[in-house]
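Chemist: Dropping a structure here in structure tokens format, bear with me for questions.
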Amino acid sequence: MNKYFYSIVFSLLIVNAKASKTDSLGHSSKLFVNIGINQSNLQSHDLYSQSITGLEMGANVLTHWQNNWYSEIGLQYIRKGSAREVDFVNIVNDKVGSYTENIYLHYVQLPILLKKHLAIHKNVSITLGAGIYNALLFSAWLNPQYTYLSHEQAKNYNTYDVGFIGSFGIMYKDKIGLQARYEQGLLNVSKANGGINNTFALGLYLKVANLGF
């Protein structure tokens, strides 16, 4: 766990140092809000393996360095999770019915990326990004569930998660953009059954302010 903590701190220091350097050169930062959907599953989980659709929203600060290199630091709510089929069988073990059981993992997430903008038109650019995310779980909601058990299962899941991010997007005038993002977790999610977060997301970004840094 310590090595992940140190890598996060080191990344934050690099981003802040670079931002400070470019600020002195007159470069600026912009505040964006974003909303999107995702498809996620839990790789190598002993019970859950099917993908489910989730929602995400938040805000991020995009800071220009030089030569169309940017840093991006965000804060977002994101719902991940997975699903499984639960079968009902009779006394001779024949399947007589089934239902889908979902585990919804609710996170507050901090993504940190380094991005390159490649101009393809006067007002349009392609963005390529790579970085890490850090996430804190605040709810693990099981649905449906038997009436004598709690829907809330957070105590059975690890609070902290970290992973790698890769992104591809299209930006118009650095004001509005569409971005596809892939996330690969590094830590087990469930305390008892393992599983690693694996997420593909598609989101819309909209500039709301120039921060004037």
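With my numbering applied, the sequence shown corresponds to residues 334 to 546, in that order.
Cβ atoms here follow ideal geometry from the backbone N, Cα and C, with glycine treated the same way.
Computed from a prediction, not measured in an experiment: that's the story for all the values here.
How is the beta strand (DSSP E) around residue 513 delimited, first residue to last?
Modeler: 509 to 518
Chemist: With 16 as the cutoff for other CB atoms within 10 Å, does residue 400 come out buried or exposed?
Modeler: exposed
Chemist: Just verifying my parser: in three-state terms, what is the DSSP assignment at residue 489?
Modeler: helix
Chemist: So for residue 484, helix, strand or coil by DSSP?
Modeler: coil
Chemist: Rounded to a whole number of angstroms, what is the C-alpha to C-alpha distance between residue 507 and residue 466?
Modeler: In a straight line, the C-alpha of residue 507 is about 23 angstroms away from that of residue 466.
Chemist: Is the beta carbon of residue 522 sitting closer than 8 angstroms to the one on residue 438?
Modeler: yes
Chemist: Under 8 angstroms Cβ to Cβ from residue 560, same chain only, skipping five residues before and after it: list those, please.
Modeler: Nothing about residue 560 can be reported from this structure: the residues present for the chain run from 334 to 546 only.
Chemist: With contact counted as at least three CB pairs below 8 angstroms, one residue from each stretch, are the region 371 to 389 and the region 524 to 537 in contact?
Modeler: yes
Chemist: Take the Cβ of residue 440 as the centre, count every other Cβ of all protein chains shown within 10 Å, and call the residue buried at 16 or more, exposed below.
Modeler: Residue environment analysis places residue 440 among the buried positions, since at least 16 neighbouring C-beta atoms fall within 10 angstroms of its C-beta.
Chemist: Please confirm whether residue 534 and residue 370 have their CB atoms less than 8 angstroms apart.
Modeler: One thing to note: residue 534 has its Cβ within 8 angstroms of the Cβ of residue 370.
Chemist: Kindly provide the ranges of any beta strand (DSSP E) runs that are 3 or more residues long and lie completely inside the region 427 to 483, ordered along the chain.
Modeler: 428 to 452 and 457 to 476
Chemist: Pick helix, strand or coil for residue 397, following the three-state DSSP scheme.
Modeler: strand
Chemist: Report all residues from its chain with a CB closer than 7 angstroms to the CB of residue 526; omit the five preceding and five following residues, and keep chain order.
Modeler: 378, 379 and 380
Chemist: So residue 522 is in the beta strand (DSSP E); what residue range does that whole segment cover?
Modeler: Where residue 522 is concerned, there is no enclosing beta strand (DSSP E), given that its DSSP letter is neither H nor E.
Chemist: Any idea what DSSP makes of residue 494, helix, strand or coil?
Modeler: strand
Chemist: Over the uninterrupted beta strand (DSSP E) stretch that includes residue 369, give me the two end residues.
Modeler: 362 to 376
Chemist: By how many angstroms is the C-alpha of residue 456 removed from the C-alpha of residue 505?
Modeler: 6 angstroms
Chemist: Please name the residue in 498, 447 and 503 whose C-alpha comes closest to that of residue 515.
Modeler: 498
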